[in-house]
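Undergrad:
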Amino acid sequence: MEISIFGVNLGAPELNPTAFVGGRSCTATKWVSSREIRCLVPPGHGKKLNVSVVIAGLRADTKGKFSYFEPQVHEIKPCVGPTYGNLTVDIIGQGLGTPLTKPLVTVGGIECMSVEVSNPSRIRCTIPPGMPGNAKVKISLNGRTVPGCPDFTYE
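Each residue of the sequence shown is one higher than the one before, starting from 535 at the first, in the numbering used here.
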């Protein structure tokens, strides 16, 4: 996610401005003009985090705060599959991580055979084998469990 930081006297590109969110350096900082700097927000979590810019060694804090989306799962597609597993499913939601902050995904207490995060809205997981019936899907991201995951059903 990219955010724009607006202000005055934001320097020039040769001053190599650096933007920060919650004390962490932006993944990329781009000087647009003396009134705008863009920040590719680093992976993380939290609410009402400070946003600041450092230009030529001088730090300026913004009045605005940044909040990450709270991770949520909206659906699992497909949500039914064979007991032998080896089925790739898409877990759709928001704030589900990035390729750099890969979540741990388990189905029925067993880790997925593979996990791929293409963007924060989708995780692709290859389901492990399981017993017939409903199995709890659990996603852990940065040491925190994402609430409200629907079950996967083995047939």
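A virtual CB, placed ideally from N, CA and C, is assigned to each residue, including glycine.
(1) Roughly how many angstroms separate the alpha carbons of PRO605 and SER567, rounded to a whole number?
(2) Quick check on DSSP: helix, strand or coil for LEU549?
(3) How is the beta strand (DSSP E) around VAL607 delimited, first residue to last?
(4) Roughly how many angstroms separate the alpha carbons of VAL585 and GLY591, rounded to a whole number?
(5) How should ILE539 be labelled, buried or exposed, when 16 other C-beta atoms within 10 angstroms of its C-beta is the threshold for buried?
(6) Does the beta-carbon of ILE571 have 16 or more other beta-carbons within 10 angstroms, so that it is buried, or is it exposed?
(7) Alpha carbons only, please: which of GLY629, ILE644, ILE625 is nearest the one belonging to TYR618?
(8) Measure the CB-CB distance between ARG656 and ASP685 and report whether it falls below 7 Å.
(9) Could you tell me which uninterrupted alpha helix (DSSP H) segments, each at least 4 residues in length, are contained entirely in the segment 629-664, listed from first to last along the chain?
(10) So, using beta-carbon positions, are THR622 and THR660 closer together than 7 Å?
(11) Taking all protein chains shown into account, do 16 or more other C-beta atoms lie within 10 angstroms of the C-beta of VAL639, making it buried, or fewer, making it exposed?
(12) Buried or exposed: GLY677, going by 16 or more other Cβ atoms within 10 Å of its Cβ?
(13) Under the assumption that SER559 contacts LEU583 (Cβ atoms under 8 Å), give the Cβ distance between them as a whole number of angstroms.
(14) Opposite GLU570 in the DSSP bridges: which residues?
(15) Can you look up THR617 in the DSSP assignment and give me helix, strand or coil?
(16) Roughly how many angstroms lie between the CA atoms of PRO575 and LYS672, to the nearest whole one?
TA: The answer reads as follows:
(1) 33 Å
(2) helix
(3) 606-611
(4) 16 Å
(5) buried
(6) buried
(7) ILE644
(8) no
(9) none
(10) yes
(11) buried
(12) exposed
(13) The pair is not a contact, with the Cβ atoms about 13 Å apart (cut-off 8 Å).
(14) PHE540, SER567
(15) coil
(16) In the sequence as displayed, the identity of residue 575 is Val instead of Pro. Each residue's Cα considered, the two are about 26 Å apart.
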